[in-house]
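Below is one structure, written out as structure tokens, with a few remarks after it.
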Ligand SMILES: *[C@@H]1O[C@H](CO)[C@@H](O)[C@H](O)[C@H]1NC(C)=O
Ligand SMILES: *[C@@H]1O[C@H](CO)[C@@H](O)[C@H](O)[C@H]1NC(C)=O
Ligand SMILES: *[C@@H]1O[C@H](CO)[C@@H](O)[C@H](O)[C@H]1NC(C)=O
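Residue numbers (mature numbering (1 follows the signal peptide of the UniProt record, and there is no 0)): -18 to -1, 1 to 170.
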């Protein structure tokens, strides 16, 4: 009886690990979208670094690293992109509001592309990839976009000026980029 039990247990363990192995060995078919996402995260991080918005720089780098680690773990053909040189010439003349608008635009691209990965995961029935992106990226991305949009509105409201013809415009002055960095730090 005991021997039968042992043999049976061994069989179960063997079966279980075979199932696990075949699952983790599932072919990865979303290399291109994964690599594009890695490139988008690096591009955003590089832009933030050039603007001295260090919190966002680290955050985007963290995203890129996480995607690379995930790709390696899944056996994807991971590509690390060449970094572009951000166009510093414009930064000096930009108001904080313009910088926030640029950030929102970058985040929007990053976010839109996350949905491309989910689409690919769905099409190739890669449930693990789809839920990883949804659980670990999409929610956070939503929070980041909301935070940036709210900060932009707040600064615009605080810097309203009445023109002679009675129109109100927001001039976005008096705020440095360090404020953005500080607010981001607080929000984390
Ligand atoms: C990379 O970042 C720059 C801003 O530094 C932006 O203009 C450009 O659209 C970004 N490229 C992509 C592919 O997101
Ligand atoms: C995933 O695929 C199913 C059909 O297989 C479809 O109904 C669903 O809308 C797809 N979801 C996404 C996010 O593409
Ligand atoms: C008031 O002046 C500003 C700047 O000159 C202009 O953009 C705006 O259209 C004007 N508003 C009205 C109601 O005339």
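Heads up, the beta-carbon is just placed ideally off N, CA and C, and yes, glycines get one too.
For the pair residue 62 and residue 76, the Cα-to-Cα distance works out to about 30 Å.
One Cα belongs to residue 27, the other to residue 92, and the distance between them is close to 11 Å. Set against 8 Å, the gap from the CB of residue 141 to the closest heavy atom of ligand 3 is not smaller. For residue 11, the shortest separation between its Cβ and any heavy atom of ligand 1 does not lie below 8 Å. Taking all protein chains in view, the Cβ of residue 155 is surrounded by fewer than 16 other Cβ atoms within 10 Å, so the residue is classified as exposed. When DSSP states are grouped into helix, strand and coil, residue 146 belongs to the coil group. Non-local beta-carbon contacts of residue 142 in its own chain, meaning distances under 6 Å to residues more than five positions away in sequence, involve 150 and 152 in chain order.
The residues 127, 130, 131 and 134, in chain order, have a CB closer than 8 Å to that of residue 86 in the same chain once the five nearest residues on each side in sequence are set aside. Distance from the C-beta of residue 151 to the nearest heavy atom of ligand 3 is below 8 Å. Restricting attention to 98, 59 and 71, the CA atom closest to the CA of residue 22 is found in 98. Between the stretch 60 to 74 and the stretch 98 to 111, the count of Cβ pairs shorter than 8 Å is below three; the stretches do not touch. For residue 29, the enclosing alpha helix (DSSP H) has its first and last residue at 13 to 32. In the three-state DSSP reduction, residue 151 falls in the strand class (E or B).
Between the alpha carbons of residue 69 and residue 169 lies a distance of about 28 Å.
In terms of Cβ geometry, residue 73 and residue 33 form a close pair [threshold 9 Å]. Closer than 8 Å to some heavy atom of ligand 3: that does not describe the Cβ of residue 144. For residue 148, the shortest separation between its Cβ and any heavy atom of ligand 3 lies below 8 Å. Taking C-beta separations shorter than 8 Å and ignoring five residues to either side along the sequence, the partners of residue 95 in its chain run 15, 18, 19 and 22, following chain order.
Inclusion of residue 35 and residue 121 in the CB contact set at 9 Å is not warranted, their separation being larger than that value. Closer than 8 Å to some heavy atom of ligand 1: that describes the Cβ of residue 69.
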